[in-house]
Amino acid sequence: MTGTGPPVAAVRKAAGRLVTLGPGFGFLTVFLLVPLALVLSYTVFRRGRFGGVVHEPTGENFTRLADPLYLDVVFGSVKLAVITTLLALLLGYPTAYMIAKLPAKWKVIALVAVVLPFWTNFLIRTYAWIVLLNSEGMLNSGLKALGLGPVELLYTDGAIVAGLLYAYLPLMILPLYSAIERLDPSLREASANLGARPARTFWSVTLPLSLPGVLTGCVFVFVPSLGNFVIPELLGGGRRIMVGNLIRDQFLKARDWPFGSVLALAVIAVLVLLLFAQAWAARRAGRDA
Amino acid sequence: MTLISIDGVSRRFGQVTALDTVSLDIRQGEFFALLGPSGCGKTTLLRILAGFEQPDDGKVLLDGEDLLAVPPHRRPVNLMFQSYALFPHMSVEKNVAYGLERERLPRQEIRDRVGGVLETVGLAAQARRRPHELSGGQRQRVALARAIVKRPRLLLLDEPLSALDKKVRAEMQLELKRLQNEVGITFVVVTHDQEEAMSLADRIAVMRGGRVEQVDAPVDLYERPRTPFVADFVGANNLFEGRVTGKGLEVDELGVLPAPPSRPGEGAGLAEGSRALLAIRPERIRLTPLTRSDEEPGEHGGGLTGEVVDVSFYGGTSHVALSVPGHEGHVLAATQGPARVDVGVRVALSWAAGDATLLQV
Ligand SMILES: Nc1ncnc2c1ncn2[C@@H]1O[C@H](COP(=O)(O)OP(=O)(O)O)[C@@H](O)[C@H]1O
Ligand SMILES: [Mg+2]
């Protein structure tokens, strides 16, 4: 069959691909690539007075990024996002591991519980943290009753990390769960059979083979944490500016679109590097797992 | 000397009874086979020995000590998994070294033993490869190397050769036997292939539906099956059901067939008049072509006549399928060399009474 009609078959195949790929691809082209190209182009022009750009090429938007003032914001944001990601990994791995070990019926219930917070509005959930953490809040009342408080909980880096962690922990648990669940249980048995204690089996077999899931989870948590500007504002009280806040302010308050674009580009660059690292490591770890 | 003593072990999974009061003694240094159809509980028994499964009832002793109390990673028992279970992220040599590293042996010794065992299984050249870069047969040999390099007291092999084609399988069977002689480890091999069990094992346990039907050396199993299932499962057999008489087994529509006299003390249920199953091997049946003038059955020392419906030549032997009026299905006979009868010929079937086996039903 394929021998007699390759042209027809090839055309059909191409058409089939176009039909299946087309809608999603078109959507992404229009609403992702076009804005991205715009942002890219803004970086090399001067700012307009009331936003927008003046089409005069300049490099000073980039040199401004080297200003310690802004670099600090970028590094500070990366630091908070890294801490959030690591904490999410530490909390998420045992959870995902336990869920993967549950009987089938309980698995479903546990997974629904993990994504349950997504069913209520993100802002409402974040406000709930304010109620919990502020100086008259529940935690501090408790501390006061014990004679330990009040302690400043709200408007700290800790509050931001707690908020980010709370928002994105499910994004860590889900890919971890699917990676761990897919592992052939006989590999763990083989490890035990060859004389490995449970801890050794974990370090030498389970963890390395679930590394693709670890990396996916880390990217899923790190990316939105780095770009988030609502949580730093609500829980950080504006005292700690994250790069997300800075970008928004450049566009909406300072009306410096070119510099906002440069900042956005810097974030994108960090993320692209991260994605490459993730793809590379995932290929190495999971080649045939 | 008994190495492993399995005593009344049962294991149930919900409604399924995977093992039903299984008792077996496996001797030091022997090559023991667990033979039975798929789903009869062979893997479950191995998993209990390896410690991945706990029995609901019963005891397992190794050298007289309770094995069930020992966690899997401390048992001197290695299992070669049916699926091989090679670590995909480690090279062949890392896979093989894994068990030795757990014993905290000196690096040099690990390297020597890994090199040695890879030499033995013929994979020295593939030491650096990952499992996914190997063929099925090579993977299987890695799994074997990984299990034997630990020099366990007991080596369990779960259908070790089932994934291989016939020729490689024959080679690996020889290899396994050679290895067992060389290293002196006690082998327990699981298989559903009766020929494989017969050619490999010193003793075979035939299992069915979670129970052990018979434990014997291959020759005894073949010549003296003790249950109808074993007679049918191990090698080809012709089975006739009837009633025990002084002269043989009386079968409806077929008359009295030659059968060994029931000896006192043996086969208590085989008293005259009781129902029994007669098993006669194809190669024990003599065929005598009948000429037109020949009389009806009963005068040829056997009692059965039939018509040849198929003759197949297998080089060394020929198989002859016969239809015998009054008997459901075909009777199978085997002769050395080419068959001297043709399709359509009427023949008399006979056998010596002592060649048949009577089984209680
Ligand atoms: N973990 C399990 N859960 C439920 N049923 C099982 C489990 N393991 C085995 N069984 C059942 O027990 C019986 C014996 O299985 P197994 O020992 O794997 O047989 P074999 O290896 O002889 O083919 C089968 O009916 C199988 O379905
Ligand atoms: Mg099995």
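Residue numbers (full-length UniProt numbering), protein chains in the order written: chain A, 1 to 289; chain B, 1 to 361. Backbone N, C-alpha and C define an ideal beta-carbon position, used for all residues, glycine too.
List the DSSP bridge partners of residue i.
i: threonine 305/B; result: Ala348/B
i: serine 323/B; result: Glu307/B and His330/B
i: serine 10/B; result: Asp57/B
i: arginine 243/B; result: Glu250/B and Arg275/B
i: arginine 102/B; result: Per DSSP, none; premise fails for arginine 102/B.
i: phenylalanine 45/A; result: Pro57/A
i: glycine 51/A; result: Arg49/A
i: threonine 2/B; result: Arg27/B
i: glutamine 336/B; result: Thr317/B
i: asparagine 238/B; result: Ile280/B
i: serine 312/B; result: His319/B
i: valine 22/B; result: Val9/B
i: aspartate 66/B; result: Leu61/B
I want to check one thing, is the minimum distance from the CB of residue i to the heavy atoms of ligand 2 below 8 Å?
i: threonine 17/B; result: no
i: glutamine 82/B; result: yes
i: glutamate 159/B; result: yes
i: serine 38/B; result: yes
i: threonine 43/B; result: yes
Flag residue i as yes when its Cβ comes closer than 8 Å to any non-hydrogen atom of ligand 1, and as no otherwise.
i: arginine 190/B; result: The residue you asked about is not arginine; residue 190/B is valine in the sequence shown. Result yes, Cβ under 8 Å from ligand 1.
i: phenylalanine 32/B; result: no
i: threonine 21/B; result: no
i: phenylalanine 87/B; result: no
i: phenylalanine 13/B; result: yes
i: methionine 172/B; result: no
i: glycine 210/B; result: yes
i: methionine 207/B; result: yes
Helix, strand or coil: how does DSSP classify residue i here?
i: arginine 283/A; result: helix
i: histidine 89/B; result: coil
i: threonine 317/B; result: strand
i: histidine 300/B; result: At histidine 300/B, the pLDDT of 45 sits below 50, so the modelled position is not reliable; the number obtained from the coordinates is stated separately. Looking at histidine 300/B - three-state DSSP - the assignment turns out to be coil, as it is neither helix nor strand.
i: threonine 156/A; result: coil
i: leucine 278/B; result: strand
i: glycine 136/B; result: helix
i: glycine 41/B; result: coil
i: proline 71/B; result: coil
i: isoleucine 285/B; result: coil
i: isoleucine 241/A; result: coil
i: alanine 269/A; result: helix
i: asparagine 95/B; result: helix
i: threonine 17/B; result: strand
i: residue 362/B; result: There is simply no residue 362/B to check, as chain B begins at 1 and stops at 361 in what is shown.
i: threonine 2/A; result: No answer about threonine 2/A holds up, because its pLDDT of 46 lies below 50 and its placement is not dependable.
i: glycine 16/A; result: helix
Could you check where the beta strand (DSSP E) with residue i kicks off and where it finishes?
i: threonine 191/B; result: 186-191
i: glutamate 250/B; result: 249-251
i: threonine 213/B; result: With the sequence shown as reference, residue 213/B is identified as glutamate, and threonine is not the correct amino acid for it. It spans 211-216 - the beta strand (DSSP E) in which glutamate 213/B sits, taken as one unbroken run.
i: glutamine 360/B; result: 357-360
i: leucine 257/B; result: 255-257
Looking at the secondary structure, which residues open and close the alpha helix (DSSP H) in which residue i lies?
i: lysine 59/B; result: Premise fails: lysine 59/B lies in the beta strand (DSSP E), 57-62, not in any alpha helix (DSSP H).
i: methionine 80/B; result: That residue, methionine 80/B, is in no alpha helix (DSSP H); its beta strand (DSSP E) goes 77-80.
i: glutamate 30/B; result: It is not in any alpha helix (DSSP H) - glutamate 30/B carries neither H nor E in the DSSP assignment.
i: phenylalanine 62/A; result: 60-65
i: arginine 255/A; result: Segment: none, arginine 255/A is in no alpha helix (DSSP H) and carries neither H nor E.
i: alanine 231/B; result: 228-233
i: valine 343/B; result: First-last for valine 343/B: undefined, no H or E at that position.
i: leucine 236/A; result: What sits at residue 236/A in the sequence shown is glycine, not leucine. Run containing glycine 236/A: 230-236, per the alpha helix (DSSP H) assignment.
Say yes only if the C-beta of residue i is nearer than 8 Å to one or more non-hydrogen atoms of ligand 4, and no if none qualify.
i: glycine 58/B; result: The ligand content of the structure shown is limited to ligand 1 and ligand 2, which means ligand 4 is not among them.
Short of 9 Å Cβ to Cβ, which residues in the segment 61-84 of chain B face chain C? The structure shown contains no chain C; the protein chains it does contain are A and B.
Which ranges would you report for the beta strand (DSSP E) in the segment 144-209 of chain B if only whole runs of at least 3 residues count? 154-158, 186-191 and 203-208
Contiguous alpha helix (DSSP H) assignments of at least 4 residues, all confined to the segment 140-217 of chain A: 157-182, 185-193 and 198-201
For the segment 84-141 of chain A, list the alpha helix (DSSP H) runs that are entirely contained and at least 4 residues long, ordered along the chain. 104-115 and 122-133
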